[in-house]
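Numbering (the UniProt record's numbering), first residue to last: 1 to 252. Everything on this sheet refers to the single structure shown next.
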Ligand code: ADP
Ligand code: MG
Ligand code: MG
C-alpha cells in the first residue's frame, strides 16, 4: 500500500525581508498505484512542495498535514522519510565530490533497508539499473553528479529510483534539459517503476512533453502556491494548447 495525503499544506521560507509564504494550502491525495502530474509555471512553488515533503530544513511548515499510509511525515527526519518510503529526485541534483556512484548507492540502500545489500546480487542489480539507463560500467566509479551532463544526472536519479524502490516517488522536473533520447530512457525507467505493485508517483513538470511518455492518472495545475485546478490527462492537453494564461489571470 502507498497513499500519500497532503492536506492544506502551508509552507514559508525565511528571506532577508522576513518570512515569505510560498505554499498556500496544498491539498492532494495520491492513492495506491496512482501517478499524479503537477504542472505549473516557474516560481509557482512546485519545488517547494517537493522539498517540503522530503523534509528540506529551509522550508518551514506553518500549517497542514502530510501522511504516508497514515503516518505523520512532517515529524519525521529526512532519513526517516526515506526509510518510510519517500523518494525525491531533485530538479538540480547536488554534486558529492569524492563519493562514487557505487558507494553512494550502496550507502543509500543500506540506510533505507537497515542492512547492507548482499554483495553478489547487489553488484548485479546496480549494473542492471545503470545499464537500463544507458549508463556504462565506468559510470559507477565517478563522483556523484560531478561533471555529469544534465542527462546523466537525471538518468542517475532514475537508476536510484529503480534500486531504492520507494513507495512514492516525487520527481521534480526530471524531464528538464533532456534531449528526446534521454527523455525516452528516463520515461521508460519511471514507467517500469510504476509497473511494480502499488507505487505512487508525483511527477512535477513545467512542460507537457514528458506526459506523452508517462501517462498520469490525474493532472493538477499549480499556480501561486496551490492547486488551481485538477482533472484527468485532458487537462494536460489543454495546457499544451493554451498554456497557463487562463490560470494565471484567475490567480491574480
Ligand atoms: P517552482 O519549482 O514552481 O519554479 P519554487 O518552489 O522553486 O517554484 O519557488 C517558488 C517561489 O518561492 C519563488 O518565488 C522562489 O523564488 C521562492 N523560493 C523558493 N525557495 C526559496 C528560498 N529558499 N528562499 C527564498 N525564496 C525561495
Ligand atoms: Mg484518484
Ligand atoms: Mg522547481
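Think of the CB as a built atom: it goes at the ideal place given N, C-alpha and C, for glycine as much as any other residue. From a predicted model like this one, the values you see are computed outputs, not experimental measurements.
task = Have a look at residue 250 and residue 64 and give me their C-alpha separation to the nearest angstrom.
result = Position 250 of the chain shown, counted from the start, is the residue given in the question as residue 250. Position 64 of the chain shown, counted from the start, is the residue given in the question as residue 64. Using only the alpha carbons, I get a separation of about 24 angstroms.
Strand pairing of residue 168, partner residues [DSSP] = Position 168 of the chain shown, counted from the first residue, corresponds to residue 168. Secondary-structure assignment with DSSP links residue 168 through a beta bridge to 86 and 200.
task = Alpha carbon to alpha carbon, how far is residue 242 from residue 111? Give it in angstroms, no decimals.
result = On the chain shown, position 111 is the one that residue 111 refers to. On the chain shown, position 242 is the one that residue 242 refers to. The alpha-carbon separation between residue 111 and residue 242 amounts to approximately 45 angstroms.
ask   = Can you pull every residue whose C-beta falls closer than 5 angstroms to some heavy atom of ligand 3, listed in chain order?
value = Contact residues of ligand 3 (beta-carbon closer than 5 angstroms to any heavy atom; chain order) are 46, 47 and 91.
message = Whole angstroms are fine: how far does the CA of residue 136 sit from the CA of residue 151?
response = The residue labelled residue 151 in the question sits at position 151 within the chain shown. The residue labelled residue 136 in the question sits at position 136 within the chain shown. If you take the alpha carbons of residue 151 and residue 136, they lie about 14 angstroms apart.
ask   = Is the Cβ-Cβ distance between residue 163 and residue 105 less than 7 angstroms?
value = Within the chain shown, numbered from 1, the residue matching residue 163 stands at position 163. Within the chain shown, numbered from 1, the residue matching residue 105 stands at position 105. Result yes, Cβ atoms of residue 163 and residue 105 sit closer than 7 angstroms.
request  = Measure from the alpha carbon of residue 235 to the alpha carbon of each residue in 212, 221 and 171, then state which is nearest.
outcome  = Here residue 235 corresponds to residue number 235 of the chain shown, with the count starting at 1. By alpha-carbon distance to residue 235, the top candidate from 212, 221 and 171 is 221.
query = From this set, 32, 182, 26 and 82, which residue's C-alpha is nearest residue 56's C-alpha?
reply = Taking the chain shown and counting its residues from 1, one reaches residue 56 at position 56. Of 32, 182, 26 and 82, the smallest CA-CA separation from residue 56 is found for 82.
ask   = Any heavy atom of ligand 1 closer than 6 angstroms to the CB of residue 64?
value = Within the chain shown, numbered from 1, the residue matching residue 64 stands at position 64. For residue 64, the shortest C-beta to heavy atom distance toward ligand 1 is 6 angstroms or greater.
inquiry  = Please state whether the Cβ-Cβ distance between residue 214 and residue 187 is less than 7 angstroms.
reply    = Counted from its first residue, the chain shown places residue 214 at position 214. Counted from its first residue, the chain shown places residue 187 at position 187. Yes; because the gap between Cβ atoms is below 7 angstroms, this pair is in contact.
ask   = Is any heavy atom in ligand 1 found nearer than 6 angstroms to the beta carbon of residue 43?
value = In the chain shown, counting from the first residue as 1, residue 43 sits at position 43. Shortest gap from the CB of residue 43 to any heavy atom of ligand 1: under 6 angstroms.
query = Along the chain, where does the beta strand (DSSP E) that runs through residue 230 open and close?
reply = For the purposes of this step, residue 230 is taken as the residue at position 230 of the chain shown. From DSSP, the beta strand (DSSP E) with residue 230 extends over 226–231.
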